[in-house]
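Asks: Going by full-length UniProt numbering, the first residue of the sequence shown is number 1, and it counts up by one from there.
No residue lacks a Cβ here, since even glycine has one placed at the ideal position from N, Cα and C.
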Amino acid sequence: MALYQRTAIEQKGYGMIAKTAISPGRLILVEEPLFSLPSVLFSREVLAQAKHPESTLNTIIATAVKALPKDKQVVFLELHNSKTRPGVFLGIWQTNAFGLGSDNDDLGIFELASRFNHSCFPNAVHSWNYNTKKMEIHATKAIPEGTEITMSYLSFEEIIQPCAMRRTMLQGRYGFTCSCHACASPGNAKSIAHRTELAMLDGELARGNFSLGMNAARPMKNLRRMLELFPLEGLEGELGRVYNDAFQLCIGSGDQARASAFMELCVKTRCFYLGTGLKDDARNRELVRRPQSHHTFQALGNKWGTKLSMKKKEGSVGFDEWLWERAEK
1 MALYQRTAIE QKGYGMIAKT AISPGRLILV EEPLFSLPSV LFSREVLAQA KHPESTLNTI
61 IATAVKALPK DKQVVFLELH NSKTRPGVFL GIWQTNAFGL GSDNDDLGIF ELASRFNHSC
121 FPNAVHSWNY NTKKMEIHAT KAIPEGTEIT MSYLSFEEII QPCAMRRTML QGRYGFTCSC
181 HACASPGNAK SIAHRTELAM LDGELARGNF SLGMNAARPM KNLRRMLELF PLEGLEGELG
241 RVYNDAFQLC IGSGDQARAS AFMELCVKTR CFYLGTGLKD DARNRELVRR PQSHHTFQAL
301 GNKWGTKLSM KKKEGSVGFD EWLWERAEK
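(1) Using the Cβ count rule (16 or more neighbours within 10 Å means buried), how would you classify PHE319?
(2) Alpha carbons only, please: which of MET200, ASP105, ALA184 is nearest the one belonging to ARG166?
(3) In angstroms, rounded to a whole number, what distance separates the CA positions of LEU265 and MET310?
(4) Closer than 6 Å by C-beta to GLY175: which residues in its own chain qualify, once you throw out the five before and the five after it? Chain order, please.
(5) Near GLN292, which residues of its chain fall below 7 Å by C-beta distance, leaving aside the five closest residues on each side in sequence?
(6) Can you tell me which of LYS268, ASN244, GLY91, ALA206 puts its alpha carbon nearest to the alpha carbon of GLY172?
(7) Which first and last residues belong to the beta strand (DSSP E) in which PRO24 is found?
(8) Hey, how far is the Cα of ALA8 from the Cα of THR150?
(9) Who pairs with ASP255 in a beta bridge, going by DSSP?
(10) Quick one: using the 10 Å Cβ neighbour count with 16 as the cut-off for buried, is LYS12 buried or exposed?
(11) Could you tell me the distance, in whole angstroms, from the CA atom of LEU154 to the CA atom of ALA299?
(12) DSSP three-state label for ILE60, please.
(13) Taking the beta carbon of SER127 as the centre, do at least 16 other beta carbons fall within 10 Å, making it buried, or is it exposed?
(14) With distances taken Cα to Cα, identify the nearest neighbour of GLY108 among LYS70, SER36, MET220.
(15) Do the CB positions of GLU328 and ARG207 come within less than 8 Å of each other?
(16) So the alpha helix (DSSP H) HIS194 belongs to, where does it begin and stop?
(17) Would you identify the three-state DSSP class for ALA217, choosing helix, strand or coil?
(18) How far does the beta strand (DSSP E) with LEU90 in it reach, from first residue to last?
(19) Take GLU321 and list the residues in its own chain whose beta-carbon comes closer than 7 Å to its own, dropping the five residues that flank it on each side.
(20) Less than 8 Å separating the beta-carbons of ALA139 and ILE17?
(21) Is it buried or exposed, GLU236, if we count other Cβ atoms within 10 angstroms and call 16 or more buried?
(22) How many Å lie between SER43 and ASP105 at the Cα?
(23) Taking C-beta to C-beta, are SER260 and LEU227 nearer than 8 Å?
(24) Quick one: is PRO122 buried, meaning 16 or more other Cβ sit within 10 Å of its Cβ, or exposed?
(25) Tell me, which residues are paired with MET1 by DSSP?
(26) Which residue comes first and which comes last in the beta strand (DSSP E) that contains LYS134?
(27) Residue ranges of each alpha helix (DSSP H) run of no fewer than 4 residues wholly in the segment 145-181, ordered along the chain?
(28) Taking the C-alpha atoms as reference points, what is the distance between GLY277 and HIS294?
(29) Give me the Cα-Cα distance between PRO86 and GLU54, rounded to the nearest whole angstrom.
(30) Among LEU274, ARG224, GLU233, THR56, which residue has its Cα nearest to the Cα of PHE262?
Structure, rendered in structure tokens:
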């Protein structure tokens, strides 16, 4: 039985409403694409070679649509088109296409997934299952019956930007002004402060000089703070990135015990929120067992050097303090 139903929503058109209470981590939707296309077709390099890029893309998409069964062609043409310029096939594609997987090597169109509205404070997240070749949507929060199920259309780097910037991006790409919890109340001082801090912390990590002798304690402190902020802004689906980054800092500094613990948390968290079919799932599970097999092992030196046998078990006394011991105080 479907956990949702398509319902008219004031000022939004339609959205997916929970038919029953949905617990965090629950699988809401599994869906294969109507069709997919290689993302390279939409690259600047390829389009630069076309005399009329938009017309070329519209033709490519139209050809793919016309190869579908008649009922699926109707499904595609009934999807929302936020674009005003000519080229209905391209407009529908640009409004609804999803990147498939972490590398976005392909883009796909979905009948149902496309019906879930955006929120900058989402309660669900979508992922691509590489094993089944299907889209999955999981709940990231407890969703009460009658509540709209939403997910983010923005990347992590985009969703932590100020409200005005997020609204500009969403208006340009999808043709709507976001009125979600995080945008409708620009005076929400706490949310503004949280996202400003997240952008600052993430920026410091991105600019980090990951070289021999670096002070890895500072970025570890940043990651611990990001772990606290993510749930406050509805970003539970991004928690895995914190544990993965912490793994890389630890293994780069020779700390096999904590690296394994962080990767185990990464696998556990991603499995809970994103499912078990992620591209790097098998490799990450191997890194839990053999963290020293990572290509950056001791790349930053061996100042935090520990053996895997020194690893503490999650839930044991003092685990959290031990886990984050390397973070700058």
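Replies: To lay it out plainly:
(1) By 1-based counting over the sequence shown, the position of residue 319 is 319. Exposed.
(2) Sequence index remark: in the sequence shown, residue 166 carries index 166 (1-based). Nearest of MET200, ASP105, ALA184 to ARG166, Cα basis: ALA184.
(3) For the purposes of this step, residue 265 is taken as residue 265 along the sequence shown, with counting starting at 1. For the purposes of this step, residue 310 is taken as residue 310 along the sequence shown, with counting starting at 1. Going by the C-alpha atoms only, they are around 17 Å apart.
(4) For this step, residue 175 is matched to residue 175 along the sequence shown. Excluding five sequence positions before and after GLY175, the CB atoms of its chain that fall closer than 6 Å to its own CB belong to SER82, given in chain order.
(5) Residue 292 sits at position 292 when you count from the first residue of the sequence shown. A distance below 7 Å between beta-carbons, with the five flanking residues on each side excluded, links GLN292 to the following residues of its chain, in chain order: GLN256.
(6) Working through the sequence shown from its first residue, we reach residue 172 at position 172. Shortest Cα-Cα distance from GLY172 to any of LYS268, ASN244, GLY91, ALA206 involves GLY91.
(7) The count along the sequence shown starts at 1 and reaches residue 24 at position 24. In the DSSP annotation of this structure, PRO24 is not part of any beta strand (DSSP E), being labelled neither H nor E.
(8) Residue mapping note: residue 8 aligns to position 8 of the sequence shown, counting from 1. Residue mapping note: residue 150 aligns to position 150 of the sequence shown, counting from 1. ALA8 and THR150 have their alpha carbons spaced roughly 14 Å apart.
(9) The count along the sequence shown starts at 1 and reaches residue 255 at position 255. Secondary-structure assignment with DSSP links ASP255 through a beta bridge to THR306.
(10) Counting from one through the sequence shown, the residue named residue 12 turns up at place 12. LYS12 comes out exposed.
(11) To locate residue 154, count along the sequence shown from 1; it is residue 154. To locate residue 299, count along the sequence shown from 1; it is residue 299. Each residue's alpha carbon lies about 33 Å from the other.
(12) As a first step, residue 60 is located in the sequence shown; it is residue number 60 there, counting from the start. Helix at ILE60.
(13) Position 127 of the sequence shown, counted from the start, is the residue given in the question as residue 127. Residue burial annotation: SER127 is buried, with at least 16 other C-beta atoms found within 10 angstroms of its C-beta.
(14) On the sequence shown, residue 108 is found 108 positions in, with the first residue counted as 1. Taking only the C-alpha atoms, the option nearest GLY108 is SER36.
(15) As a working note, residue 328 is residue 328 in the sequence shown. As a working note, residue 207 is residue 207 in the sequence shown. Going by C-beta atoms, GLU328 is not nearer than 8 Å to ARG207.
(16) For the purposes of this step, residue 194 is taken as the residue at position 194 of the sequence shown. 189-207 is the extent of the alpha helix (DSSP H) around HIS194.
(17) Here residue 217 refers to the residue found at position 217 when the sequence shown is read from its first residue. ALA217: helix per DSSP, three-state reduction.
(18) By 1-based counting over the sequence shown, the position of residue 90 is 90. Careful: LEU90 lies outside any beta strand (DSSP E), inside the alpha helix (DSSP H) at 88-96.
(19) The residue labelled residue 321 in the question sits at position 321 within the sequence shown. Counting only Cβ-Cβ distances below 7 Å, and skipping sequence neighbours, we find nothing.
(20) As a working note, residue 139 is residue 139 in the sequence shown. As a working note, residue 17 is residue 17 in the sequence shown. The Cβ-Cβ distance between ALA139 and ILE17 does not fall below 8 Å.
(21) Numbered from its first residue, the sequence shown carries residue 236 at position 236. GLU236 should be labelled buried.
(22) Locating residue 43 in the sequence shown gives position 43, where the first residue counts as 1. Locating residue 105 in the sequence shown gives position 105, where the first residue counts as 1. Looking at the two C-alpha atoms, the distance is approximately 11 Å.
(23) As a working note, residue 260 is residue 260 in the sequence shown. As a working note, residue 227 is residue 227 in the sequence shown. Taking 8 Å as the Cβ cut-off, SER260 and LEU227 do not qualify as a contacting pair.
(24) For this step, residue 122 is matched to residue 122 along the sequence shown. So PRO122 counts as buried.
(25) Sequence index remark: in the sequence shown, residue 1 carries index 1 (1-based). As DSSP reads the structure, MET1 sits in no beta bridge.
(26) Start at 1 with the first residue of the sequence shown, and residue 134 comes out as number 134. Unbroken beta strand (DSSP E) run through LYS134: 134-139.
(27) Those alpha helix (DSSP H) runs which fall completely within the segment 145-181 and span 4+ residues are 156-159, 163-174.
(28) On the sequence shown, residue 277 is found 277 positions in, with the first residue counted as 1. On the sequence shown, residue 294 is found 294 positions in, with the first residue counted as 1. When rounded, the distance between both Cα atoms is 21 Å.
(29) Stepping through the sequence shown from its first residue, residue 86 is reached at position 86. Stepping through the sequence shown from its first residue, residue 54 is reached at position 54. For the pair PRO86 and GLU54, the Cα-to-Cα distance works out to about 9 Å.
(30) Residue 262 sits at position 262 when you count from the first residue of the sequence shown. Closest in C-alpha terms to PHE262, from the list LEU274, ARG224, GLU233, THR56, comes ARG224.
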